[in-house]
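Peer 1: Residues 1 to 91, numbered by the working numbering, are exactly what the sequence shown covers, in order. From the three backbone atoms N, C-alpha and C, an ideal C-beta is built for every residue, glycine too. What follows is a structure written as structure tokens; I'll ask about it next.
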Amino acid sequence: MPTRRRQDDRDDPEEEYQSLGTLIRAWRDRALLTQEQLADRAGVNVRTIRRLEGDAVGRPRNASIRLLIEALDLDARERAELTAAAVRDGR
Numbered sequence: 001m002p003t004r005r006r007q008d009d010r011d012d013p014e015e016e017y018q019s020l021g022t023l024i025r026a027w028r029d030r031a032l033l034t035q036e037q038l039a040d041r042a043g044v045n046v047r048t049i050r051r052l053e054g055d056a057v058g059r060p061r062n063a064s065i066r067l068l069i070e071a072l073d074l075d076a077r078e079r080a081e082l083t084a085a086a087v088r089d090g091r
């Protein structure tokens, strides 16, 4: 999966992160869900999934992130990673 370096980690080339959209896509693929199925399971519009996966959302809603966490059945580490990506990418 593609990664992007945080600009504030220039001194540490090992510090890389994945975008919010990349994470959502990867976990949706792991769950063998289409965008439509994930949207139904999370109770959000499929456009929301498309925009999030396309990194076309400036700052995602906290409620949407919580719904996706539940719909994707993420573990504690994945929840933290997704939440951090939402904050970081939504600046």
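Out of V57, R59 and L52, which has the shortest C-alpha to C-alpha gap to L23?
Peer 2: Out of V57, R59 and L52, L52 has the C-alpha closest to the C-alpha of L23.
Peer 1: Could you check which residue in D40, Y17 and S19 has the C-alpha nearest to that of L72?
Peer 2: Among D40, Y17 and S19, the Cα nearest to that of L72 is on D40.
Peer 1: Excluding the five sequence neighbours on either side, which residues of its own chain have a C-beta within less than 7 Å of the C-beta of L74, listed in chain order?
Peer 2: Only W27 and L82 meet the Cβ criterion.
Peer 1: Taking the alpha helix (DSSP H) that R64 belongs to, which residues open and close that run?
Peer 2: As written in the sequence, residue 64 is Ser, which differs from the Arg given in the question. It spans N62 to A71 - the alpha helix (DSSP H) in which S64 sits, taken as one unbroken run.
Peer 1: Could you give the distance in angstroms between the alpha-carbon of L67 and the alpha-carbon of G43?
Peer 2: Going by the C-alpha atoms only, they are around 7 Å apart.
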